[in-house]
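Below is one structure; the comments refer to it alone.
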Amino acid sequence: MLHTLSLLVRNHPGVLSHVAGLFTRRGYNIESISVGVTENPELSRMTIAVGGDERVVQQIIKQCQKLVDVLSIKDLKYDESITRELAVFVVKTPSNQSRAEIIQIAGVFNARVADMSETSIMIEVTGNQRQIDSITRLLAQYGIEEMARTGIVALTFPSKRKPEDSLEKE
Amino acid sequence: MKLTGAQILIESLKAEGVEVIFGIPGGAIMPVYDVLFDSGIAHILTRHEQGAIHAAEGYARTTGKVGVCMATSGPGATNLVTGLVDALMDSTPIVAITGQVPTHLIGTDGFQEADIYGISIPATKYNYLVRDVNKLAQIVAEAFYIARTGRPGPVLIDLPKDIQNAVTEYVKPKPVSLPCYNQYFQEINEAQVDKAIQAIEEAERPVIYVGGGVIISGAHQELYEFAKRTRIPVTTTLMGLGSFPGTDELSLGMLGMHGTKYANYAMGEADLILALGARFDDRVTGKVSEFARNAKIVHVDIDAAEINKIVYAHIPIRGDVKKVLQVFLKKLDKAKLKTYDKWHKQIQEWKTQYPLTYENSEDRVIPQYVVEQIYEATKGEAIITVGVGQHQMWAAQYYRFQAPRSWVSSSGLGTMGFGFPAAIGAQVAYPHRTVFTIDGDGSFQMTIQELATAVQYHLPIKIAILNNGYLGMVRQWQQLFFKGRYSHTFLGSPDFVKIAEGYGAVGILITKKAEVRPAIEKALETDNTVVMDFRIPQEDNVYPMIPAGGTLKQMIG
Ligand SMILES: Cc1ncc(C[n+]2csc(CCOP(=O)(O)OP(=O)(O)O)c2C)c(N)n1
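So the sequence lines, in the order shown, correspond to chains D and L. Residue numbers for the first sequence follow our numbering, beginning at 2 and rising by one. Residue numbers for the second sequence follow our numbering, beginning at 5 and rising by one.
This is how it looks when you write it as structure tokens:
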């Protein structure tokens, strides 16, 4: 099962290597990772999607907690958090009909047409992973020339935040 | 007060109480060496950086203090890597300081540049690349704090040459406060201890399984009292040797792949295992799914990540073993303790039926006999360091360790060549104690050049080579599991007596059983470094043995 881990880490060089290196060394597979600075310039938030059963994820969490630069780590529950990913596609449009269909698909996913040429169309979309996976599958029928995904970012809903989610480690 | 980076470093080391550094200089660390020259801190010049870091480990493991080693950039730094991983695996507090090319050359493939920061990320507990001389004092304070607290480990500080030369106002470091580093310092959950005590009250066949954590936390006295009061038998890992007196009636000796049969049977039959500062290494568990299947497991560890890592702990207790045991002892007054008579009778039967013995009738130099003679001649009071292989296991089996921090073995990583330089560190720490290296001819040759170091600093280390002319442990596996095809394990080792003499040490050749004890006595009387070349049978094996990943039922010998 895919888990979404949200880490607060010290914002200084080398942190990403320390965290990513831990995953490599322990043989965990990162599905996606995204990093950006937070409201506090001394801290960055990393969102890491990993696969594995409950025991593996617990072990990952404990190993990450040991890292000197990791301030907190949470395993985000699906129904308690927002998870979003941005994806950009360039899709082939051999005919006007296919172009029209693609624009229709885009509409269903609230995606935006970012650019168009005679033979292709560029689409950007934000959504949760399931939505991005779906649109990717649908667009693949027409032939995806290029695509890029950011990896997910995630946060707990304020209404679901618990006192133990404060900045300190567990 | 204005100081250079190099001066700040040395001031900071003094502030940490550093008395000795093991290392080798070079271009990128010369400003620091210049300050070191008249600093009052001793320096031991080894002949290889691997020797320096293993010596620092030997110093750290026997004293409990942080061991410090130093190297230049590039090849000097990369030569430390094996020791860093070794220290990480065995939770040894080390601060390694490496010179680095000047900041403006970093990333340009400058002469003797290596990205030791990047290389050492998975090899250290934490590491630093110093980019600002104003942060240096604070970084050194942090490094020592991280190395010695919680679960100890190695920390590396990479120090570019221009930072060593940069001048700044020296400000004493603030007390270390690392908001991200507090997972080790929690209250002990007493309710969990209550549960564990209840489990002790209910058990019929309990065993205490002790790892290196007991030694690191200095909990041997608490352990002794706990075992004596509960009358629960004690088995230790390779790292745990010395945490409980090996001659005590409750001692089961070492468990695991080459552990005693009675320790392994006891673990196999136990209905309660109290794991104290031990991490269920595969050399202990064998096939995990078959390991201690009927036992309830209480796991005490300072490192939360160790709990449930390999085996499921029914009662996890997170904390420093010494403090946890103190809570146990306090609560024992009210506990309804049993005497486990049936269990002790069973264990006694196993001990009688499967004692740890060896064939000793012939007039050959039997390795186990050599170890026993060293044990007797030193009254069990020596510091013993070892390489990796059969000799290491014979030493673990037949030297009955009585006290903590007297056994120094590369256990987690299994680094050949560890023993002799580690002895250098131990002898530097304890000039007046007997320090013995029990080594293999293969292991010894991996760091043999440190003979020059031992002789130069007048370190009276006694080196007992159990010389079988083979990479013995690998040969044993070849014999047992590869149809006797001895693929590239024959060494045909050199004349160690002449080599010893060439380095200015004393060499003794021992080819007969009758020569064993006199040679050891002579070595103990000599105040020079002594190399004893014990010619043991080429094809002797270490027994008992559980094959890798095997189960108790597959135990050989
Ligand atoms: C640096 C290193 N290389 C290889 C090994 C694999 N290895 C484990 S035991 C062993 C043989 C050790 O031979 P020796 O030191 O002569 O000891 P013996 O087993 O003969 O007592 C080898 C090669 C190792 N542990 N460490």
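Each residue gets a CB set at the ideal place from its N, CA and C atoms; glycine is no exception.
Using beta-carbon positions only, say whether Leu-140/L and Tyr-121/L come within less than 9 Å of one another. Position 136 of the second sequence, counted from the start, is the residue given in the question as residue 140/L. Position 117 of the second sequence, counted from the start, is the residue given in the question as residue 121/L. No, Cβ-Cβ distance for Leu-140/L and Tyr-121/L is not below 9 Å.
I'd like the ranges of any beta strand (DSSP E) spanning at least 3 consecutive residues and lying wholly in the segment 352-408 of chain L. 387-390
Would a check of beta-carbon distances place Leu-156/D closer than 9 Å to chain L? Sequence index remark: in the first sequence, residue 156/D carries index 155 (1-based). No, because no Cβ of chain L sits closer than 9 Å to the Cβ of Leu-156/D.
So that I know if they touch, is there some Cβ in chain D lying closer than 9 Å to that of Ile-150/L? In the second sequence, counting from the first residue as 1, residue 150/L sits at position 146. Yes, because at least one Cβ of chain D sits closer than 9 Å to the Cβ of Ile-150/L.
Report yes if the C-beta of Gly-476/L is less than 8 Å from at least one heavy atom of ligand 1; otherwise report no. Walking along the second sequence from the start, residue 476/L turns up at place 472. True, at least one ligand heavy atom lies under 8 Å from that Cβ.
Note down, in chain order, all residues in the segment 308-325 of chain L with a beta-carbon under 9 Å from any beta-carbon belonging to chain D. Ala-308, Ala-309, Glu-310, Ile-311, Asn-312, Lys-313, Tyr-316
Is Asn-545/L helix, strand or coil by DSSP? If you number the second sequence from 1, residue 545/L lands on position 541. Coil at Asn-545/L, not helix or strand.
Gln-64/D versus chain L: which residues are under 8 Å apart at the beta carbon? For the purposes of this step, residue 64/D is taken as the residue at position 63 of the first sequence. Simply Ala-309.
Out of curiosity, what's the CA-to-CA distance linking Ala-115/D and Ser-82/D? The count along the first sequence starts at 1 and reaches residue 115/D at position 114. The count along the first sequence starts at 1 and reaches residue 82/D at position 81. Using only the alpha carbons, I get a separation of about 28 Å.
Does the segment 549-560 of chain L come close enough to the segment 277-294 of chain L to have 3 or more Cβ pairs within less than 8 Å? yes
Report buried or exposed for Gln-105/D, applying the criterion of at least 16 other Cβ atoms within 10 angstroms of its Cβ. On the first sequence, position 104 is the one that residue 105/D refers to. It counts as exposed.
With a threshold of 7 Å on Cβ separation, who are the neighbours of Tyr-37/L within its own chain once the five nearest residues in sequence on each side are excluded? Within the second sequence, numbered from 1, the residue matching residue 37/L stands at position 33. Once the five neighbours on either side are set aside, the close Cβ partners of Tyr-37/L are Pro-29.
Is the closest heavy atom of ligand 1 to the C-beta of Leu-88/L under 8 Å? As a first step, residue 88/L is located in the second sequence; it is residue number 84 there, counting from the start. For ligand 1, not one heavy atom lies less than 8 Å from the Cβ of Leu-88/L.
Of the residues Tyr-474/L, Ala-509/L, Arg-437/L, Val-432/L, the one placed nearest Gly-446/L, counting alpha carbons only: Taking the first residue of the second sequence as position 1, residue 446/L is located at position 442. With distances taken between Cα atoms, Gly-446/L lies closest to Tyr-474/L.
CA-CA distance, Ile-301/L and Ala-203/L? Translated into the one-based positions of the second sequence, residue 301/L becomes position 297. Translated into the one-based positions of the second sequence, residue 203/L becomes position 199. When rounded, the distance between both Cα atoms is 9 Å.
Can you grab the Cα-Cα spacing for the pair Lys-1/D / Gln-59/D, in whole Å? The structure shown does not extend to residue 1/D, since chain D is modelled only from 2 through 171, so no value can be given for it.
CB contact check: Ile-351/L to chain D, cutoff 9 Å: For the purposes of this step, residue 351/L is taken as residue 347 along the second sequence, with counting starting at 1. Closer than 9 Å: no.
Exposed or buried, which one is Thr-356/L when buried takes at least 16 other CB atoms within 10 Å? Looking up residue 356/L in the second sequence gives position 352. It is exposed - the Cβ of Thr-356/L has fewer than 16 other Cβ atoms within 10 Å.
Is Asn-472/L near ligand 1, judged by its Cβ being under 8 Å from some heavy atom? By one-based count along the second sequence, residue 472/L stands at place 468. Asn-472/L: yes, Cβ under 8 Å from ligand 1.
State buried or exposed for Gly-144/D, treating a residue as buried only when at least 16 other CB atoms are found within 10 Å of its CB. Residue numbering aside, residue 144/D sits at position 143 when the first sequence is read from its first letter. The residue in question, Gly-144/D, is exposed, as its Cβ has fewer than 16 Cβ neighbours within 10 Å.
What residue does the alpha helix (DSSP H) around Val-478/L start on, and which one ends it? For the purposes of this step, residue 478/L is taken as the residue at position 474 of the second sequence. From DSSP, the alpha helix (DSSP H) with Val-478/L extends over 476-485.
Should Leu-7/L be labelled buried (16 or more other beta-carbon atoms within 10 Å of its own) or exposed? Numbered from its first residue, the second sequence carries residue 7/L at position 3. Flag for Leu-7/L reads buried.
What ranges does the alpha helix (DSSP H) occupy inside the segment 111-152 of chain L, keeping only unbroken runs of at least 4 residues that lie completely in it? 120-124, 140-152
Taking the alpha helix (DSSP H) that Ala-231/L falls in, what are its first and last residues? Translated into positions along the second sequence, residue 231/L becomes position 227. From DSSP, the alpha helix (DSSP H) with Ala-231/L extends over 224-234.
Length-filtered (4 minimum) alpha helix (DSSP H) runs lying within the segment 117-144 of chain D: 130-141
Assuming contact is defined by CB atoms lying nearer than 9 Å, are Val-71/D and Leu-156/D in contact in what I supplied? Counted from its first residue, the first sequence places residue 71/D at position 70. Counted from its first residue, the first sequence places residue 156/D at position 155. The answer is no: Cβ separation not under 9 Å.
Under 7 Å Cβ to Cβ from Gly-31/L, same chain only, skipping five residues before and after it: list those, please. Counting from 1 along the second sequence, the entry for residue 31/L is found at position 27. For Gly-31/L, where only same-chain residues beyond five positions count, the Cβ hits under 7 Å are Thr-76, Gln-116.
Closest by CA to Gln-520/L, which one among Phe-538/L, Ala-509/L, Glu-529/L? On the second sequence, residue 520/L is found 516 positions in, with the first residue counted as 1. Per the sequence shown, the amino acid found at residue 520/L is Val instead of Gln. Among Phe-538/L, Ala-509/L, Glu-529/L, the Cα nearest to that of Val-520/L belongs to Phe-538/L.
Comparing the CB of Asp-286/L with every heavy atom of ligand 1, is any distance shorter than 8 Å? In the second sequence, counting from the first residue as 1, residue 286/L sits at position 282. No, the beta carbon of Asp-286/L sits no closer than 8 Å to any heavy atom of ligand 1.
In whole angstroms, what is the alpha-carbon distance linking Gly-78/L and Ile-351/L? Taking the second sequence and counting its residues from 1, one reaches residue 78/L at position 74. Taking the second sequence and counting its residues from 1, one reaches residue 351/L at position 347. Straight-line Cα distance between these residues: approximately 55 Å.
Does the beta-carbon of Pro-14/D have 16 or more other beta-carbons within 10 angstroms, so that it is buried, or is it exposed? On the first sequence, position 13 is the one that residue 14/D refers to. With fewer than 16 Cβ atoms within 10 Å of its Cβ, Pro-14/D is classed as exposed.
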